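What follows is a set of notes on a single structure, which appears directly below.
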């Protein structure tokens, strides 16, 4: 007898199986190291907030065998509490899929979780060296030893392996033994432990999964791929906010002086421009008006108080010329206080 485990994260319960429920489900506190029958590992990346799994155990044999559901068991171990939902443990979700395994050495599904609520949540592993969860199948079966009078219904669901996608699929309809004569079965046997280990990964698990599109991981202790501002919750680098430049035009002139100001920054959520005259603009653009001669320090900041030397400028404001200021200027022919007496008659 040979066995392999089948796993799919795509719901297979799109049609009705002739299944029999009653598989015993055990919540195990012990990680199983004896996986003599089969030892299968599935590495699953959770792209959304959670995902559902639909574990299945497969079997093939050279001897016609009858699968016993009432004596079969599924032992489930979790690395940390809360990785699996209660639906994974619901005995009503587990059942025998095929009641026989034909002697043609064909893969058939024998035990399956039929529920749609075996959900995997993003819970960190306690022991990093072990997988996230482990399903151990202890399958009970009987081998054919002869015929009895009468007929019975012996059926199985073939399973097929797709090498291009590295996945298995189950037939939607059962196949039946060509000879439905009732069989005589030998004693109950328990197959060697078959283990199916799952490791679940996601953005935020502290490991950079480049093959799954992650550019960084916000909980990666090595901070690989992080930007100057860290790594965001969707595993993309974040550049730290910076105040890049402040333009003041004009930056000098006579009163009243109206200076247009434009501030630019990177990853800026909001801007503040201090005109230096008691006026603050809560925008990246605006106008500063100066009515008193003097030197003013204009400062732009982003996201509170982030600034730079490029975001600090000086504005020089001078008084407007007038007759009597001691200079010949504007349209004056002379200025009566000009010590040089330019234009005097």
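Residue numbers (the working numbering): -18 to 326. Note that CB positions come from ideal geometry on N, CA and C, so glycine has one too. Here the structure is a predicted model, which means the values were calculated and not measured.
Endpoints, beta strand (DSSP E) assigned at residue i
i, result
"residue 180", "175 to 183"
"residue 40", "35 to 41"
"residue 115", "114 to 132"
"residue 207", "Note, residue 207: premise wrong, no beta strand (DSSP E); not H, not E."
"residue 169", "Element bounds for residue 169: n/a, residue is neither H nor E."
"residue 278", "275 to 283"
"residue 252", "252 to 255"
"residue 235", "233 to 235"
"residue 293", "293 to 299"
"residue 102", "100 to 102"
"residue 287", "Run containing residue 287: none; DSSP gives neither H nor E here."
Whole-angstrom distance between residue j and residue i, CA atom to CA atom
i, j, result
"residue 72", "residue 78", "14 Å"
"residue 307", "residue 315", "9 Å"
"residue 193", "residue 151", "27 Å"
"residue 230", "residue 103", "54 Å"
"residue 268", "residue 234", "15 Å"
"residue 62", "residue 175", "23 Å"
"residue 20", "residue 172", "13 Å"
"residue 261", "residue 242", "12 Å"
"residue 155", "residue 178", "28 Å"
"residue 251", "residue 214", "22 Å"
"residue 300", "residue 273", "7 Å"
"residue -4", "residue 128", "Annotation note: pLDDT 39 at residue -4 (below 50); position unreliable, coordinate value reported separately. Roughly 32 Å between the two C-alpha positions."
"residue 50", "residue 38", "13 Å"
"residue 318", "residue 310", "12 Å"
"residue 198", "residue 217", "8 Å"
"residue 183", "residue 26", "6 Å"
"residue 248", "residue 220", "7 Å"
"residue 180", "residue 29", "16 Å"
"residue 210", "residue 284", "13 Å"
"residue 305", "residue 312", "13 Å"
"residue 325", "residue 266", "48 Å"
"residue 323", "residue 298", "26 Å"
"residue 67", "residue 114", "14 Å"
Residues bridged to residue i [DSSP beta-bridge criterion]
i, result
"residue 156", "137"
"residue 54", "5, 119"
"residue 26", "182"
"residue 240", "269"
"residue 151", "140"
"residue 218", "212"
"residue 48", "122"
"residue 224", "246"
"residue 262", "254"
"residue 306", "Bridge partners of residue 306: none, in fact."
"residue 191", "According to DSSP, residue 191 bridges with nothing at all."
"residue 20", "176"
"residue 230", "241"
Contact test: residue i Cβ vs the ligand SAM heavy atom, cutoff 7 Å
i, result
"residue 179", "As for the ligand SAM, it is missing from this structure, which has no ligand bound."
**Request:** At 3 residues or longer, and completely inside the stretch 65 to 97: list those beta strand (DSSP E) runs for me, N to C.
**Result:** 75 to 77, 89 to 94
**Request:** Count the CB pairs spanning the stretch 165 to 172 and the stretch 97 to 109 that are closer than 8 Å, and state whether there are at least three.
**Result:** no
**Prompt:** When the Cβ atoms of the stretch 278 to 287 are set against those of the stretch 247 to 260, are three or more pairs found closer than 8 Å?
**Reply:** yes
**Prompt:** Can we say the stretch 194 to 207 touches the stretch 38 to 51, given the rule of at least three CB pairs closer than 8 Å?
**Reply:** no
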